[in-house]
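Everything below concerns the one structure shown next.
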Amino acid sequence: MQAQQKENIISSDRSVILNLSELWSYRELFYFFTWREVKVKYKQTALGVIWVVLQPLIMVTIFSFFFGNALKNDNFLGLPYPVFVFSGLLLWNFFSSSVNSAGNSMLTNAPIIKKIYFPRIIIPVSALLVSGVDFIVAFVAFVATLIYYQVHVDLLALIIFWPLAMVFLLLGTLGISCGLAALNVKYRDFRYIIPFGLQIALFVSPVIYPASNISTPWVGYVLALNPMYAAINFFRVPLTGMSEMNFALMMISSVSAILFLVLGIYYFKKTEAFFADIA
Amino acid sequence: MKPILEIEHVSKRFRLQHQGVAYLSLRDRITNLFKSSDVMEDFWAVNDISFQVQPGESIGIIGRNGAGKSTLLKILSRITPPTSGRIVSRGRIASLLEVGTGFHQELNGRENIYMNGSILGMKKAEIDKHFDEIVDFSGTENFLDTPLKHYSSGMQLRLAFAVAAHLEPEILIIDEVLAVGDAEFQRKCLKKMEDVSKGGRTILFVSHNLVAVGNLCTRGVLLKSGRVMAEGDVKDVIRAYQMDFEMNQNTVWQRTTATRAPLWFESIKIQLNGDQPAMTLTIDLALRSEKKHNKGFLAFDIINSLGVTVMQAIPRIDPFIEYQSGLQNLEIGIDLPPLVPDTYSLTLWLGAHNNETFDMVSNAVMFEINETPTKGRTFPHTYDHGSIVPPSSVLKYTK
Numbered sequence: 109m110q111a112q113q114k115e116n117i118i119s120s121d122r123s124v125i126l127n128l129s130e131l132w133s134y135r136e137l138f139y140f141f142t143w144r145e146v147k148v149k150y151k152q153t154a155l156g157v158i159w160v161v162l163q164p165l166i167m168v169t170i171f172s173f174f175f176g177n178a179l180k181n182d183n184f185l186g187l188p189y190p191v192f193v194f195s196g197l198l199l200w201n202f203f204s205s206s207v208n209s210a211g212n213s214m215l216t217n218a219p220i221i222k223k224i225y226f227p228r229i230i231i232p233v234s235a236l237l238v239s240g241v242d243f244i245v246a247f248v249a250f251v252a253t254l255i256y257y258q259v260h261v262d263l264l265a266l267i268i269f270w271p272l273a274m275v276f277l278l279l280g281t282l283g284i285s286c287g288l289a290a291l292n293v294k295y296r297d298f299r300y301i302i303p304f305g306l307q308i309a310l311f312v313s314p315v316i317y318p319a320s321n322i323s324t325p326w327v328g329y330v331l332a333l334n335p336m337y338a339a340i341n342f343f344r345v346p347l348t349g350m351s352e353m354n355f356a357l358m359m360i361s362s363v364s365a366i367l368f369l370v371l372g373i374y375y376f377k378k379t380e381a382f383f384a385d386i387a
Numbered sequence: 048m049k050p051i052l053e054i055e056h057v058s059k060r061f062r063l064q065h066q067g068v069a070y071l072s073l074r075d076r077i078t079n080l081f082k083s084s085d086v087m088e089d090f091w092a093v094n095d096i097s098f099q100v101q102p103g104e105s106i107g108i109i110g111r112n113g114a115g116k117s118t119l120l121k122i123l124s125r126i127t128p129p130t131s132g133r134i135v136s137r138g139r140i141a142s143l144l145e146v147g148t149g150f151h152q153e154l155n156g157r158e159n160i161y162m163n164g165s166i167l168g169m170k171k172a173e174i175d176k177h178f179d180e181i182v183d184f185s186g187t188e189n190f191l192d193t194p195l196k197h198y199s200s201g202m203q204l205r206l207a208f209a210v211a212a213h214l215e216p217e218i219l220i221i222d223e224v225l226a227v228g229d230a231e232f233q234r235k236c237l238k239k240m241e242d243v244s245k246g247g248r249t250i251l252f253v254s255h256n257l258v259a260v261g262n263l264c265t266r267g268v269l270l271k272s273g274r275v276m277a278e279g280d281v282k283d284v285i286r287a288y289q290m291d292f293e294m295n296q297n298t299v300w301q302r303t304t305a306t307r308a309p310l311w312f313e314s315i316k317i318q319l320n321g322d323q324p325a326m327t328l329t330i331d332l333a334l335r336s337e338k339k340h341n342k343g344f345l346a347f348d349i350i351n352s353l354g355v356t357v358m359q360a361i362p363r364i365d366p367f368i369e370y371q372s373g374l375q376n377l378e379i380g381i382d383l384p385p386l387v388p389d390t391y392s393l394t395l396w397l398g399a400h401n402n403e404t405f406d407m408v409s410n411a412v413m414f415e416i417n418e419t420p421t422k423g424r425t426f427p428h429t430y431d432h433g434s435i436v437p438p439s440s441v442l443k444y445t446k
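Here the protein sequences come in this chain order: X and F. The letter at position 268 of the first sequence is residue 376 when you use the working numbering, and the numbering goes up by one with no holes. The letter at position 137 of the second sequence is residue 184 when you use the working numbering, and the numbering goes up by one with no holes.
So, in C-alpha cells, the structure goes:
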C-alpha cells in the first residue's frame, strides 16, 4: 500500500530535550488550541473583546489614583505615572494571565490528556499564546497612551530594547508556566499557591514603583531574581533612557529568566509521560 | 512483508500506595520526609505482552475488566509509557479511546469539527476536504452554527463519530466507543468500521461486545491478568474467552481494594432459585459507609457471555438508602424472564443520581443457566437469536 514507512518506536526511554521537529509537525494543533481558547474566552460577554482593553485601562486608572497620588514625591523615571504604571502592567498582565491559565491548563485539559497523544507542551504554550493575543490589543492601547501623554521615545533604543524585553518576558513566562503546569498535576496545592504567589509577585516587581526606589542592596538582589525585573526595565529604556539602570541587577534577572526556562521545561519534560496516570 | 506493528515484551507497572491516594499533596510529601515511606505495592497491569500485527489485519483484543486491555491501548496510543519493552510501528497511528475528545460546549458544530479533527491528528486541509462528508454522515447540517451545548447527546455523539470515521491513518486503535449510542447508530458505526478494514487499513479493536469483535476482526488476542492467554483466529479466541468465563464463575464477591466512595459495595452474594422459566435471582449486599452522603439507590445490569447487556433491573427508583456509619445489609430479588442457557454476569451500580455514582462493580458475580426455558424443546437453545425467550402463544391459526 505504501512505501516502506519510517519506523516509530515506543519504549520506556524518554528524552528531556524538546523534540522541535515533532512540535513543528503539530503546529496546527497550537493554532487550534489557541483559537479555541480565544473564541471561548469572550463568548457570552456583552462587551466581548473590549474587555481586553478595558482591563488594563481600569487597572491603570486605579493605580494612578491611589499610588500615583500617594507616591507623588517619588521619581517615576521622569514619566507621567499612568504611562509608568501602564508600561509595567502591560508586561505584567501577560505574565500573570499566562502563568494563571497555563498553571491550571494541564488539569482543565486532563480529559484530553487521558485520551489522546500529542506533545503535552502544546497546552501551556497555547495558554501563553492566548495571553499574547490580549497583549497585542493592550499594546495598541499603550501606544495610544504614549501619544496622548506626548512621551519622548528614543527610537534607536526601541529597536534594541523592546525586542529584548519581549525575549526575556517570553523566556521567563514560558519557563515558569511550564514548570507550574507540571507541578500542579502532581501537587494540587499549586492551584492555591499560583494566584496567591502572583499577587505577591506584583508587589515585588517594578510595576507600580520603580526598582531604583529600593535602597537596601540585598533586597534589590533578591528582587532581581524575578525574571520580570529585567523584562519590565528593558521595556522602559526607550522611554526613560539608561541612566537609572543597574547593570548587575539586570544581569541577575536575565540569567534568572534563562534558568527558569531551562528548569521549567526540564521538569515538564521529565514528568509529562506520567500526566495521564496522575492527572 | 514486515509487520506494521510489533509489540515486544511490553509491561506496565503501577505503584499502588496503600492509603489509596491518587495524587500527592505537598503536605504528604513534607510529612513523609519524617516518617518511613508508605508501603508500596507493585501492580503489573500489562505483563510481558508480545504479538505482531500484519498490514490490513483487524485484531480484536478481548478480556475481562482489569485484564489490561485499556492499559495496552493507552501504551499503543502513547498516552502512557510502558515500564519496559518496546513497540515498533510502521505507519501513522490514530487512536479513538473516546469520541468527541476536545469538544467544547460553547463552540458551534463547525468549530468543533475542526477542533476535534485536529486533536485526532488530522491536518486542516484534510478536514476541509472531508468537511461535507462529515456533516453529511452526522446529519447535523442544520445545526452547524449552533453552539454544541444546544445539541442533544445523540447529536453530539453522531457528530463526534462522523469526525472520527473520516480519520485516515494506517493503524486505527479503537476502544469501546461503540458502547454508547442507540442501536441504529451503532450499526452505522460498525458498518463504517468494516469499510475501513476492507479498505486495507489495520485496526485494533477492544471491546466487551464479542459479537462486534467476531464480525469485525479476523484475529483475536485474549488478555488475562495482563498477559496474553490466547492468540489466533478470532473464533477460537472468543471460544477460549467464553470457556474461561464459565470456569471462573463466582457467586460471591468481596471488596479487596480501597475506595474513596462515600458509600460502597463491601460484599456481594447471589443465589439462583426456582426452575425455568420462572427463576429468581437473590442478591445479598453489604454496603459500607464512613462519611455522610446523599441517599442512594441501586441498579443492576445483566450481561451474557458475549458481553451484551441483555437486561437491567432497578428495584426502587427513588433514592432510599440512608446514611449510616458502618455496614448495612440489603436483599434484592430479581424475577428473571425466561433466559436461554448461558453464563450471565452482573454489574452493580450504587449512586444518588444518574450523575452521581458512588460505586460500581462490573462483572463481579456470575450465574449459569443450564435448563432451556422452552420445556420439551430438544434442539439446543443459544444466544444466537437473543437471550430472552418471552412467553408467546399462537392466537389464531386459520387453515
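Backbone N, C-alpha and C fix where the C-beta goes; we use that ideal spot for every residue, glycine too. The structure displayed is predicted, hence computed values, not measured ones.
Is the CB of Glu215/F under 8 Å away from at least one CB in chain X? no
Decide if the segment 211-219 of chain X is in contact with the segment 151-169 of chain X; the criterion is three or more beta carbon pairs, one per stretch, under 8 Å apart. no
Please report the distance separating the alpha-carbon of Tyr288/F from that of Asn112/F. 12 Å
On the three-pair Cβ rule with 8 Å, is the segment 104-120 of chain F touching the segment 372-380 of chain X? no
Return no unless some Cβ of chain X is closer than 8 Å to the Cβ of Leu395/F. At a cut-off of 8 Å between beta carbons, Leu395/F makes no contact with chain X.
Whole angstroms are fine: how far does the CA of Leu310/F sit from the CA of Gly398/F? Cα-Cα distance, rounded: 8 Å.
Could you tell me the boundaries of the alpha helix (DSSP H) in which Phe192/X lies? 189-216
To test your reading of the DSSP string, which unbroken alpha helix (DSSP H) runs of 4 or more residues are found completely within the segment 185-254 of chain F? 200-212, 230-245
Closer than 8 Å, Cβ to Cβ, to anything on chain X: give me those residues from the segment 147-163 of chain F, in chain order. Thr148, Gly149, His151, Glu153, Leu154, Glu158, Tyr161, Met162
Measuring CB atoms only, is the segment 175-191 of chain F touching the segment 146-156 of chain X, in the sense that at least three cross pairs come out at less than 8 Å? Two segments are said to touch when three or more pairs of C-beta atoms, one from each, lie closer than 8 Å; by this definition the segment 175-191 of chain F does not touch the segment 146-156 of chain X.
Is the CB of Lys121/F under 8 Å away from at least one CB in chain X? yes
Whole-angstrom distance between Gly168/F and Asn159/F, CA atom to CA atom: 14 Å
Taking CB distances under 8 Å as the criterion, tell me whether Val135/F reaches chain X. yes
For Ser205/X and chain F, any beta-carbon pair shorter than 8 Å? no
Nearest to Leu272/X by alpha carbon, out of Arg344/X, Val241/X, Tyr189/X, Arg228/X? Arg344/X
Reduced DSSP category for Thr127/F - H, G, I as helix; E, B as strand; rest coil: coil
For chain F, is any of its Cβ atoms less than 8 Å away from the one on Ser123/X? Interface flag for Ser123/X against chain F is unset, since no Cβ pair is found closer than 8 Å.
Quick one: which chain F residues come within Cβ less than 8 Å of Val148/X? His151, Glu153, Leu154
Please work out which residues of its chain come closer than 7 Å, Cβ to Cβ, to Trp270/X, disregarding the five sequence neighbours upstream and downstream, and give them in chain order. Phe343, Pro346
Option nearest Thr419/F by Cα separation, candidates Ser440/F, Lys446/F, Asp406/F, Thr390/F: Thr390/F
Check whether the segment 316-324 of chain F and the segment 399-416 of chain F touch, using three or more Cβ-Cβ pairs below 8 Å as the test. yes
Is it buried or exposed for Lys443/F, if we count other Cβ within 10 angstroms and need 16 for buried? exposed
Using a Cβ-Cβ distance cut-off of 8 Å, determine whether Phe247/X contacts chain F. No, no contact with chain F.
Since Ile218/F contacts Val253/F with CB under 8 Å, what's their CB separation in whole angstroms? With a Cβ gap of about 14 Å, Ile218/F and Val253/F do not count as contacting.
Distance cutoff 8 Å, beta carbons only. Does Leu331/X sit that close to anything in chain F? Not one beta carbon of chain F lies nearer than 8 Å to the beta carbon of Leu331/X.
Mind checking whether Gly280/X and Pro314/X have CB atoms under 8 Å apart? no
For Phe140/X, would you say it is in contact with chain F, using Cβ-to-Cβ distances shorter than 8 Å as the test? Answer yes: the Cβ-Cβ gap between Phe140/X and chain F drops below 8 Å somewhere.
Option in Val193/X, Ile220/X, Arg296/X, Thr348/X with minimal Cα separation from Phe175/X: Val193/X
With a threshold of 8 Å between beta carbons, is Asn212/X in contact with chain F? no
Candidates Val387/F, Cys264/F, Ile315/F: which alpha carbon is nearest Asp280/F's? Closest by alpha carbon: Cys264/F.
At a cut of 8 Å, does the segment 129-136 of chain X reach the segment 225-233 of chain X through at least three beta carbon pairs? yes
At a cut of 8 Å, does the segment 91-109 of chain F reach the segment 52-61 of chain F through at least three beta carbon pairs? yes
Measuring alpha carbon to alpha carbon, tell me which residue in Asp121/X, Phe304/X, Asp242/X is nearest Asn201/X. Asp242/X
Hey, could you find the ends of the alpha helix (DSSP H) Tyr161/F is sitting in? 156-166
Please return the same chain residues whose Cβ sits closer than 6 Å to the Cβ of Trp396/F, not counting the five positions on each side in sequence. Within the same chain, Cβ atoms closer than 6 Å to the Cβ of Trp396/F are found at Ala346, Met407, the five residues on either side in sequence being excluded.
When you compare the CB positions of Ile106/F and Leu237/F, do they come within less than 8 Å of one another, or not? no
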